[in-house]
Amino acid sequence: MFKFLEPNRIFSITSKAPRYVFILFIIVFFIGLFEALVLSPEDYKQSHSVRIMYVHVPAAWISIGIFSTITFLSIIGYIFKIKNFFLISKSLAPSGLVFNVIALVTGSIWGKPTWGTWWAWDARITSMLILALFYLMYLISWRIYDDNDKVYKISSIITIFGIINVPIIKYSVDWWNTLHQPASINIFSQSSIHESMLLPLLIMTAAFALFSLLIFLMKYNTELIKIKNKGLDRL
Amino acid sequence: MYGRKVKLRFFFVLLILIALILSVFLILKSLEENVVYFQSPTEIKALEETEKKKIRVGGMVKKNSIFIEAKDLQFVITDFKNEINVIYSGAVPNLFSEEKGVVAEGYLKDKNFFLATKILAKHDENYMPPEVKAALEEK
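Quick mapping for you: the protein sequence lines, in order, are chains Y and L.
Throughout the first sequence, residue numbering follows the numbering used here, covering 1 to 235 in sequence.
Throughout the second sequence, residue numbering follows the numbering used here, covering 236 to 374 in sequence.
Next up, the structure:
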């Protein structure tokens, strides 16, 4: 059943993939940048500072998406003892943290000209900072423990604790008064963002997703090489 | 179908999740007052006594209420039910304007007067090009 999980087989695909993902990322990223910086209009209220949104929002989405994926894989991996899922999680985490930090920093840069402050301890911003701390805990746990069984359990527990924070991030702007504005994009109802601004936002999200995939593949290949060097033929 | 250990691990994770969700819910529920970033004028009116410590009041800047006299800026924050007068001297953010969201940080003088030490603009979730805004206003 797990024959397709043989490291050699996975490696034959994942070792070639980064090249193509990189080319695709470059193309999508530059289309996204051109859309965001040149083609998209300025906002009626915020004028050009709205362009920070095209980095801020996709980065936040990707970091939350990656954390949810890591949690899902860790829980399934823990229940069914699938070693490969832990390695995928471990390889995904760094790009999640990077985008989390990007979201916080660009938010700060955006906050100064619009709100008038670099930082506010409101629910949305604080919960996003907590997510970054969980990412750090997760990554550090992999460095502290050398014993595989131990690190699988501890890292899974960290993701389970951290996932509680994800719905809080999402709904913080609806549940409490926050300085952060509510969501502009709704799947089930009319979005309050104009189409000409939605397009670059979506392209940039695709570009960041591709970048995460690229970093993931590179990290994952390293993990596979480590396993191969240890002479284990199965994950 | 699955082994006993698999089932046990499944319930173990499930229990951790449920316990965590409930405890986080309880904590947030009891901390509600501190989690909110600002209070609305209605909530200020409902206070039993005026607080001496620093608080934040948020809402909309009432139309035609901004009044500048020498260094002082006066305006009214409204949540369309209740209002509060704000006095402030200093720089305001670019997005501060009438009929837009605002958060004022400072001290309550009484339930109708607020001495702000800092003004933050709270912007809404609407993004559109100026032409679209102009077209909307014409309607």
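Positions of the beta carbon are idealized from the N, C-alpha and C atoms, including for glycine.
- Among the residues of the stretch 167-193 of chain Y, those with a Cβ less than 7 Å away from any Cβ of chain L are W176, N177, T178, L179, Q181, P182, A183, S184, S192 and I193, in the order of the chain.
- Put simply, the CB of D146/Y is far from chain L, with every gap to its CB atoms at 7 Å or more.
- With a 10 Å radius around the Cβ and a threshold of 16 neighbouring Cβ atoms, K112/Y comes out exposed.
- With the rule of 3 Cβ pairs closer than 8 Å, the stretch 84-96 of chain Y counts as touching the stretch 208-222 of chain Y.
- Cβ contact annotation for D174/Y (same chain, cutoff 6 Å, sequence separation greater than five): none.
- Neighbourhood of E286/L in chain Y, by CB distance below 7 Å: empty, with the nearest CB roughly 16 Å away.
- With its beta carbon less than 7 Å from one in chain L, W115/Y belongs to the interface.
- Around A183/Y, the same chain offers V173 as residues with beta carbons nearer than 7 Å, after the five sequence neighbours per side are excluded.
- Residue contact with chain L for A60/Y: absent (no Cβ-Cβ distance below 7 Å to any residue of chain L).
- When secondary structure is reduced to three states using DSSP, Y44/Y falls in the coil class, being assigned neither helix nor strand.
- DSSP places L343/L inside the beta strand (DSSP E), whose first and last residues are G336 to D345.
- DSSP, read as helix, strand or coil, puts I215/Y in helix.
- DSSP lists L308/L as the beta-bridge partner residues of I303/L.
- Taking V101/Y as the centre and dropping the five residues before and after it, the same chain places the C-beta of A132 closer than 7 Å to its C-beta, in chain order.
- The count of Cβ pairs closer than 8 Å, one atom from the stretch 310-324 of chain L and one from the stretch 290-299 of chain L, reaches three, so the stretches are in contact.
- Inter-residue distance for A339/L and E318/L is about 13 Å (C-alpha atoms, whole angstroms).
- From the listed residues E286/L, S324/L, N320/L and K289/L, the smallest Cα separation to E304/L is found for S324/L.
- Chain-order list of chain L residues neighbouring K45/Y: L330 and H358, by C-beta distance under 7 Å.
- Look at the beta carbons and you see the stretch 348-356 of chain L touching the stretch 107-124 of chain Y: at least three pairs across the two are nearer than 8 Å.
- Distance between I251/L and H48/Y, taken at the CA atoms: about 46 Å.
- Interface residue (Cβ-Cβ distance to chain L less than 7 Å): I125/Y is not classified as such.
- Taking a C-beta distance under 7 Å as the contact criterion, E35/Y and I203/Y qualify as a contact pair.
- Comparing alpha-carbon positions, the option among I10/Y, K16/Y, I31/Y and S15/Y lying closest to A207/Y turns out to be I31/Y.
- Taking a contact to require three or more Cβ pairs closer than 8 Å, the stretch 127-146 of chain Y and the stretch 75-85 of chain Y do not qualify as touching.
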